[in-house]
Every structure is written in C-alpha cells, then in structure tokens.
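Same order as they appear, the protein sequences are chains A and B. Counting from 1, one number per residue, gives the positions in the first sequence under this note's numbering. Counting from 1, one number per residue, gives the positions in the second sequence under this note's numbering. Okay, structure first, notes after.
2 protein chains.
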Amino acid sequence: MEKIIKIRALKIILFALCILLASCKKEAPKEESPAKETEQTVSNGDPLPSWNDVQVKKDIIAYVKEVTTTGGPNFIPAADRIATFDNDGTLWSEQPFYFQLFFALDQVKALAPKHPEWKTKQPFKAVLENNMEELMKQGKPGLLQIVAVSHAGMTTDAFEADVKKWISEAQHPSKKKLYKNLIYQPMLELVKYLQANQFKVFIVSGGGIDFMRAWAEDVYGIPKENIVGSTLKAKYDYNNGAPSITKLPALDFNDDKDGKPVAIEKYIGKKPVFAAGNSDGDLQMLEWAASNKYKNFELYVHHTDSVREWAYDRKSHIGTLDKGLDEGKAKNWSFVDMKNDWKVIFP
Amino acid sequence: MEKIIKIRALKIILFALCILLASCKKEAPKEESPAKETEQTVSNGDPLPSWNDVQVKKDIIAYVKEVTTTGGPNFIPAADRIATFDNDGTLWSEQPFYFQLFFALDQVKALAPKHPEWKTKQPFKAVLENNMEELMKQGKPGLLQIVAVSHAGMTTDAFEADVKKWISEAQHPSKKKLYKNLIYQPMLELVKYLQANQFKVFIVSGGGIDFMRAWAEDVYGIPKENIVGSTLKAKYDYNNGAPSITKLPALDFNDDKDGKPVAIEKYIGKKPVFAAGNSDGDLQMLEWAASNKYKNFELYVHHTDSVREWAYDRKSHIGTLDKGLDEGKAKNWSFVDMKNDWKVIFP
Numbered sequence: 001m002e003k004i005i006k007i008r009a010l011k012i013i014l015f016a017l018c019i020l021l022a023s024c025k026k027e028a029p030k031e032e033s034p035a036k037e038t039e040q041t042v043s044n045g046d047p048l049p050s051w052n053d054v055q056v057k058k059d060i061i062a063y064v065k066e067v068t069t070t071g072g073p074n075f076i077p078a079a080d081r082i083a084t085f086d087n088d089g090t091l092w093s094e095q096p097f098y099f100q101l102f103f104a105l106d107q108v109k110a111l112a113p114k115h116p117e118w119k120t121k122q123p124f125k126a127v128l129e130n131n132m133e134e135l136m137k138q139g140k141p142g143l144l145q146i147v148a149v150s151h152a153g154m155t156t157d158a159f160e161a162d163v164k165k166w167i168s169e170a171q172h173p174s175k176k177k178l179y180k181n182l183i184y185q186p187m188l189e190l191v192k193y194l195q196a197n198q199f200k201v202f203i204v205s206g207g208g209i210d211f212m213r214a215w216a217e218d219v220y221g222i223p224k225e226n227i228v229g230s231t232l233k234a235k236y237d238y239n240n241g242a243p244s245i246t247k248l249p250a251l252d253f254n255d256d257k258d259g260k261p262v263a264i265e266k267y268i269g270k271k272p273v274f275a276a277g278n279s280d281g282d283l284q285m286l287e288w289a290a291s292n293k294y295k296n297f298e299l300y301v302h303h304t305d306s307v308r309e310w311a312y313d314r315k316s317h318i319g320t321l322d323k324g325l326d327e328g329k330a331k332n333w334s335f336v337d338m339k340n341d342w343k344v345i346f347p
Numbered sequence: 001m002e003k004i005i006k007i008r009a010l011k012i013i014l015f016a017l018c019i020l021l022a023s024c025k026k027e028a029p030k031e032e033s034p035a036k037e038t039e040q041t042v043s044n045g046d047p048l049p050s051w052n053d054v055q056v057k058k059d060i061i062a063y064v065k066e067v068t069t070t071g072g073p074n075f076i077p078a079a080d081r082i083a084t085f086d087n088d089g090t091l092w093s094e095q096p097f098y099f100q101l102f103f104a105l106d107q108v109k110a111l112a113p114k115h116p117e118w119k120t121k122q123p124f125k126a127v128l129e130n131n132m133e134e135l136m137k138q139g140k141p142g143l144l145q146i147v148a149v150s151h152a153g154m155t156t157d158a159f160e161a162d163v164k165k166w167i168s169e170a171q172h173p174s175k176k177k178l179y180k181n182l183i184y185q186p187m188l189e190l191v192k193y194l195q196a197n198q199f200k201v202f203i204v205s206g207g208g209i210d211f212m213r214a215w216a217e218d219v220y221g222i223p224k225e226n227i228v229g230s231t232l233k234a235k236y237d238y239n240n241g242a243p244s245i246t247k248l249p250a251l252d253f254n255d256d257k258d259g260k261p262v263a264i265e266k267y268i269g270k271k272p273v274f275a276a277g278n279s280d281g282d283l284q285m286l287e288w289a290a291s292n293k294y295k296n297f298e299l300y301v302h303h304t305d306s307v308r309e310w311a312y313d314r315k316s317h318i319g320t321l322d323k324g325l326d327e328g329k330a331k332n333w334s335f336v337d338m339k340n341d342w343k344v345i346f347p
C-alpha cells in the first residue's frame, strides 16, 4: 500500500510538470524580439527607483509609511509585519516553462554519461535529444522518472551542490541570460524596502523548497529559513557519524493554491499583512492576507510586456491569471502593469 | 483507502500519548517534597545569572565568545548562527505527562457540558471521572477520540484561543503552579544570551506546533515562525470571504527522533551550530548539529533534581535519556546537572 501512496503522491507533484509540457502545444505567451532596456534611474531617497511614478508605487509607499508609523491608527508591530511573495512569475520569470523544469532536464543531461542506457531508453532519450514532442508522449510515468533522477535519491547536500552549479552556469534558451539574472529588479527593490521597514519577507512558492534555498538567499537577500515551497519526503541516516538527509521520490507537500495559506500557517504561524503573487495559484494566499485584522496590501504582478519579458494572463498554461484578475479587480487589490509601471524588468 | 491512511497516521501521533499513559504503571520519576528555591542572584554582566559557576556555563560562554569574534578562526557569520532547542524537558517540565496531554484532558472537561452523552461514554467518561486507569484501558482508539475533539475539527484561530485560555489558567496538579511558570529560568537566560549574540533561536519539539505557538512567543521570546513541532494536516476554506484553516484529525509530521533533523532541514534549511535537548528523542538533532562544518555546541539537560523538579533518565517513559547519555558522554557533549548547576529552576 505504501508503494501505491508514494506513486500517487508523485503523480500530484508531476501534474504541474505535465501541464507545463502540455502547454507546448497550446497558447504560447507573447514574446517579441527584445529591445534595449531603459537605463535604470536611481533617485536619491526613492526606495523603488525602478518603478515609474505610478499609482501602485504611491500606494505601496503610503501603505508602508502608514503601518510603520508608531502611534498611528494603523500601526503594525514589527513582529506581525509578515510579507509573503510568490517566486515564479512574481520574483523571476517563468516562461516558457518554470525554470525548475529546465533544471530537471539539464540534470538528466548532466547525469547521462553515467547512464549510457539512457541513449536508447525513454523518457531519457527524448530529453537527451531535446525532443519535447516525444517527451510529452511519455506522459506522467516519463516525468516521474525525470523528477526521480533529478530531485531525489541524493542527499540534501548533494542536491544543493547540483542546484548551485546549475544556477551559476545555466542560460535561458531564448533570453540568453543566466536564469538568476531573470529576476525582477523592481520586485527586488520592493523586498529590500519592506525588509528595511522591519517586514519579515518570506517566499511562499509552488517551487521546490530546497531548489530555491540553494540560490535565493544570495540572489534576493531572503534568508533560507524564510523560504517556503513544495517538499519531497526525506529520510535521516546516522551514517556512522557523518549524518545525512536523503531526498525521497514522494511528495510531502504541494505548496500551491489552497496549499499556500496552509503552508503559511505551518511555517510562519501568522497571517501576512503584505502578499504578492502573479497567478491564480496565489489567489488563496492573497485572500488569506486580505483577511488580516491589520491593514493589509495585496499585489498582483500582471505580465503585460511582450517585448522586455512575456505577455500572458487568462489563457496561459503557466502562471494563469484568470480568477485572480477578476477577484483582485473586484476587491481593489493592486496590480503591477509590467510594461507601463516598471522602468526596467531585469537587473 | 484514504480513511485507512488517516487512521494509521493518527495511530502514530497517539503512540507517544499511549506511552505516556502506560508509564503511569511503570517507573515514576523521583519527586520529593519541594524545598524553598534558592534566591536568584543576578550578577552584573553575567549573561547566565541563574547558573552556578560550573564548567558547562564556562564552556557555553567561551563558545559564544569564540564563534562571534570577527576575524577569529572559528567565527560564524550571523546568518549561520542557528540554535535549536527541544521544548518538553528542555525549556519547561514534562512530568508526570507532557503538559499537552493535560491540555487535551482539560479540553475534554471544558467541552463536556456540550456533550452530555460523554458522562456515560468512554473514553470521555474516564476523563471526566479522572479515572486514568480506565482511560488506559481504552487504549489507542480512546486516545484517538480525545485528540480528535481537543486538537482537530476547529479552525486554527479557535484552537489558538483555546490554548491561550488554558495556558493562562491551568495549574500543574502537584507543583500547583501555572504550567507556563514551570519553564526553566536558566534556559530562558541561555535563549536570550544566544539571541543577544545574533543567534537565531528555534524550538524543534515533538509537541504540537500550534499548541506551542499559542504561548511560547510571549513566554520564551521566540517568534512564532521560529517554532517547529509536530503537525496535523489542515484544510483551507474560502468561507465566503472570511477564510479559515481547519485542523484535521490526521498526522502531517511527527517531529521527534529522526524527524527532528528532517524538520530542521525542512523549516530552516541550515544545520544548527547549537542544539539543546534532554532525551533520546533529541539525539538525532544533536548528532545533526555535531556534524556542522562550523564549531558547534551540543547540550543535554539532565534531570537530576528530585526536590526542585524531577529526577529521571534511562528508565523514565517520558523524556527517556539512555542512548543519548552514553553517546553524549562518549562524544564529550555538555551536560547540565540540574541539581548542582542551576541556582534556580523556575522563574
């Protein structure tokens, strides 16, 4: 029975990956040839210099000033200034696939020399030949094997080393930049602005928790212990005095949609007063923040820039923003229009 | 199948409770009539005034000075100064049962007026009649029902309110003090000393995460998001715009023994450099800290004071310290001898 449960759990984690692959055939986001980015203007004393002087920027600054003013009617004690940010599509790009899938495929390629049999064995053959169509045909069982070899069966130390190496070298196929340079400069400024005002900033992402922790502390300045994500089960071994933790090919927790408030409660134990996302997968997290007794701020990043980044929302199979767009507008949540609100996208 | 899994999971969480109840029949810890506690001496500039001037105190202070000295050979950057403390038996008492079990039994009594049928229905009848012998006879199925009514089926907000009320009122049966006053003053000083030296102090306990979070932030000064413990599964409901999270009667994670390093990796993502416990349930956490590349400190609290607290170790069914006693001595870990090393036990 345990085996059945593990396989069932893996199917859940793979479901997202399957959607990603399926989306190859479906609507692709708009991505036009990139123009030179506007030079970043740093204004003295402006905490968000990469943002144009738009309403959402004014609202963020007004909110932060209001809730950090001691004695003010909407003051929030520092201990309760919890801010939660989604990662994929909110702090860095996510097209044409979540970057973690590129990592998984790159890992298969990196491991291939030790597995000569993969040259003729699916789904590995398809990955090694960059044959996405064939990979799609392999369906969930194929992806299960890819996740198993790239994300499980090694110690947490070994996995971290794999991710660190990849993030320092791997380039995005169309943007021709390191993935870690496809982070959003304006959001980085927002994170630092909140931290400077004694907000405790957390990432709460559907991505793998240890995949993110391997680089996000350096890249975003968000400490490892403030990074929450999806988890695989894991096993401790005493290992004759050199203890290790091994990642197992079984889902522990899927940190998406309803899972986000549940993870926030589990990892943080406090409701956010500030929450930022970009998709329907973040809707429940924003609802949860919106129910805070303290004055709160909900922010949706809307991907509208087909030249500098990608343009997509309701019909995209990655980062779908459909219900969230309606509910957020109805509730007067704040929306970033990436094309018009941000002077630069990437650092 | 799902039902079977839930029941199986609950059996695991109840296992500890069953051991507790079983221990009624077995060896009880030594608890002699309490004498007046020594007056606490606060020395100026002494970070641990409730500790006698013993070797373990000198070792702690020497360690903290060494690893926080910038430029020194064993300097640890602040971001990596992770300290993890067990709770039951390490930060507060745990005899004759874990205090969380007293909470569960008290909850049954508090809920009884709404359930007149409990007067004649086991296991509730046994609880209401304070008949521990009969309660033991009810075994795991009985305890399952007690946990279900006291820890699940309510929102996280409602549960927090229950615990806050209990912790502010409930008294220990033999010590005749509020449970929250049965914390160890010397350990509180140690927590504050580490925090003052930019250690990030976490609780990593087998106790329920939201049971502890309801009071430990106020009582210990450890923020909610730094409290790690066992978890039940939970469910998010949008609830027509008043969202809530409901605790479910199914184990999510058992944060004990092998589970402690796994939880540390999951919640913190970094190895501790300082770890403190009191039982074999903490052994793996201390091993994990001992494998840190940074200079590290492992501390066992040894319950040796039958007058002011309780005396127990190898043969106790709560807080058993047997393997840990041997392994810790062999590895030269530090041991607190509560009777001889601490001027006072409770604040």
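Positions of the beta carbon are idealized from the N, C-alpha and C atoms, including for glycine. The structure displayed is predicted, hence computed values, not measured ones.
Interface annotation, Thr155 of chain A: not in contact with chain B, CB-CB separation never under 8 Å. Out of A:Thr156, A:Gly71, A:Met187, the CA that lies nearest to the CA of Val56 of chain A is found in A:Met187. Fewer than three pairs of CB atoms, one per stretch, sit closer than 8 Å, so the region 56 to 70 of chain A makes no contact with the region 277 to 290 of chain A. Assigned with DSSP and collapsed to three states, Asp88 of chain B falls in strand. Within the region 81 to 106 of chain A, no residue places its CB atom closer than 7 Å to a CB of chain B.
Annotation for Ser50 of chain A: Gln40, Gln185, Pro186, Glu189, Trp342, Lys343, Val344 place their beta carbon closer than 7 Å to its own, counting only its chain and skipping 5 residues before and after.
As computed with DSSP, Lys235 of chain A is found in a beta bridge with A:Thr246.
Within the region 114 to 148 of chain A, no residue places its CB atom closer than 7 Å to a CB of chain B. Val108 of chain A: member of the alpha helix (DSSP H) spanning 99 to 111, first to last residue.
The shortest CA-to-CA distance from Glu94 of chain A to any of A:Ala148, A:Lys235, A:Lys175, A:Trp166 is the one to A:Lys175. Bridge partners of Gln55 of chain B according to DSSP: none are assigned. In this chain, the alpha helix (DSSP H) harbouring Ser150 of chain A covers 139 to 151. Rounded to whole angstroms, the gap between the alpha carbons of Thr231 of chain B and Asp255 of chain B is 8 Å.
The Cβ of Ile268 of chain A sits closer than 8 Å to at least one Cβ of chain B. Here Asp86 of chain B is not near Asn226 of chain B, since their CB atoms are 8 Å or more apart. Taking CB atoms only, Trp166 of chain A has no neighbour in chain B less than 8 Å away. Lys315 of chain A and Gly281 of chain A do not touch by the CB rule: their CB atoms are close to 15 Å apart, not below 8 Å. If you ignore the 5 residues before and after Phe99 of chain A, its C-beta comes within less than 6 Å of the C-beta of Tyr179, all in its own chain and listed in chain order.
At a cut-off of 8 Å, the C-beta of Glu225 of chain B has a neighbouring C-beta in chain A.
Chain B has no Cβ within less than 8 Å of the Cβ of Trp310 of chain A. For the region 270 to 296 of chain B, residues whose beta-carbon sits nearer than 7 Å to a beta-carbon of chain A comprise Lys270, Gln284, Glu287, Trp288, Ser291. In the DSSP annotation of this structure, Ser306 of chain A is not part of any beta strand (DSSP E), being labelled neither H nor E. Here Asp210 of chain B is near Thr156 of chain B, since their CB atoms are less than 8 Å apart.
Excluding five sequence positions before and after Lys233 of chain B, the CB atoms of its chain that fall closer than 7 Å to its own CB belong to Leu248, Ala250, Asp252, given in chain order.
For Val262 of chain A, the residues of chain B that pass the 9 Å Cβ criterion are Lys233, Ala234, Lys235, Tyr236, Ile245, in the order they occur in the chain. Contacts between Glu298 of chain B and chain A, judged by CB atoms closer than 7 Å, are missing: the closest CB pair is about 13 Å apart. Contact note: Asp255 of chain B does not reach chain A at a C-beta cutoff of 7 Å; the least C-beta distance is about 12 Å. Cβ-Cβ distances below 7 Å link Glu327 of chain B to Leu283 in the same chain, with the five nearest sequence neighbours on each side left out; the list follows chain order.
Under the three-state reduction of DSSP, Gly269 of chain B is assigned to coil, being neither helix nor strand. The three-state reading of DSSP puts Gly324 of chain A in helix, counting H, G and I together.
Closer than 8 Å to the CB of Ala79 of chain A there is at least one CB belonging to chain B. Of the other Cβ atoms in all chains shown, 16 or more fall within 10 Å of the Cβ of Ala311 of chain B; this residue is therefore buried. Non-local C-beta neighbours of Gln198 of chain B in its own chain, meaning closer than 8 Å and more than five positions away in sequence, comprise Thr68, Ala78, Arg81, ordered along the chain. One finds Ser291 in chain A with Cβ atoms closer than 9 Å to the Cβ of Ala242 of chain B, taken in chain order. Below the 7 Å Cβ cutoff, chain B contributes Thr156, Ala234, Ile245 as neighbours of Glu265 of chain A, in chain order.
Taking 8 Å as the upper bound on Cβ-Cβ separation, chain A lies near residues Ile209, Asp210, Arg213, Glu217 of the region 204 to 217 of chain B.
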